[in-house]
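Here is the structure we will look at, set down as structure tokens.
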Amino acid sequence: MRIGLTLKNLTSVIHIKKFYGGTESVPSWYEKRVTMYLSSSHVAALLHLCVMKEELHNEQLREWAKHLYTRGEKNLAELSEDMDISESQLRHWATESSWDYIKKTMPTSKAYQIEKLYLLLEKTNEKLLREEEVNAKDLDLIVKFTAAIKNLDTEISIQQIIEVAKSFTGWLHPQNRELAKSMTMHFDKFIKERSAPSFSS
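Below, the structure is given as structure tokens:
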């Protein structure tokens, strides 16, 4: 049986070579279209493999697009052009996973702040290594950046509590809806009290 295949969504052509026990060289670049002569029994297995790879590929693309968009590096139109994904599909992903909300709150999230502080710390260290004389101002910045990272890395933020609460209730819901609903109410009350100015840890 003759069938044409595209290797775009397969992470490694080695899997195909091993699967078919072939000895002929298979092109390693993804966009290369190849033609294989397969028995009908092999076709179903290969199609199943392609579906699995397609799902993985789409999920990886989705996460990368989310990363670039929420950090303000690309808008949807730019992502569509660069990643060869329709803008309507990107808009669907953005709406479904609240990319705009994440983008809006990202600068205030602890993980984002720590990431930026590490970048500043790295740049300051590189500057010191390039210069022959030690700059007291840069040394002071290194101390401050390190202290800020330590403080952020050890305290538990409201955002972290919210994320843990969402993750837990999401896991619990399929198993016990009523308990998940009750836990959500308790989490909401706890978070509101924790956020209150009078709260002291």
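Be aware that the sequence shown starts at 1, since it is given in full-length UniProt numbering, and climbs by one per residue. Ideal Cβ positions, reconstructed from N, Cα and C, are used throughout, including at glycine.
Asked: Segment contact flag, the segment 161–176 with the segment 128–142, C-beta cutoff 8 Å, min 3 pairs; Found: no
Asked: Close Cβ partners of LEU172 (< 8 Å) along its chain, the five nearest in sequence each way excluded; Found: LEU179, ALA180, MET183
Asked: TYR118 to GLN159 span [Cα, whole Å]; Found: 20 Å
Asked: Buried versus exposed call for THR95 [16 or more other C-beta atoms within 10 Å across all chains shown]; Found: exposed
Asked: For HIS173, three-class secondary structure by DSSP; Found: coil
Asked: Same chain, Cβ closer than 8 Å to ILE149, five either side skipped, listed in chain order; Found: ILE114, LEU117, TYR118, LEU121
Asked: Simplified DSSP assignment, three categories, for SER98; Found: coil
Asked: Residue span of the alpha helix (DSSP H) that contains ASP82, given as start and end; Found: 76–83
Asked: Buried versus exposed, by CB contacts within 10 Å (16 or more), TYR101; Found: exposed
Asked: Unbroken stretches of the beta strand (DSSP E), 3 residues or longer, contained in the segment 112–191; Found: none
Asked: Supposed close pair SER98, LEU90 - CB separation, criterion 8 Å; Found: Contact doesn't hold; Cβ gap of about 14 Å is too wide.
Asked: Beta-carbon spacing of SER194, ILE161 below 9 Å; Found: First, the amino acid is wrong: residue 194 is Arg here, not Ser. Yes, they are a contact pair.
Asked: Same chain, Cβ closer than 8 Å to TRP64, five either side skipped, listed in chain order; Found: MET83
Asked: GLU59 beta carbon less than 9 Å from that of LEU76; Found: no
Asked: DSSP state of SER88 mapped onto helix, strand, coil; Found: helix
Asked: CB of LYS66 within 9 Å of CB of TRP93, strictly; Found: yes
Asked: Same chain, Cβ closer than 6 Å to TYR69, five either side skipped, listed in chain order; Found: TRP99
Asked: Whole-angstrom distance between LYS74 and LYS144, CA atom to CA atom; Found: 31 Å
Asked: Reduced DSSP secondary structure (H/G/I, E/B, other) of THR35; Found: Because the pLDDT of THR35 is 38, which lies under 50, any placement of that residue in the model is unreliable, and the question is left without a value.
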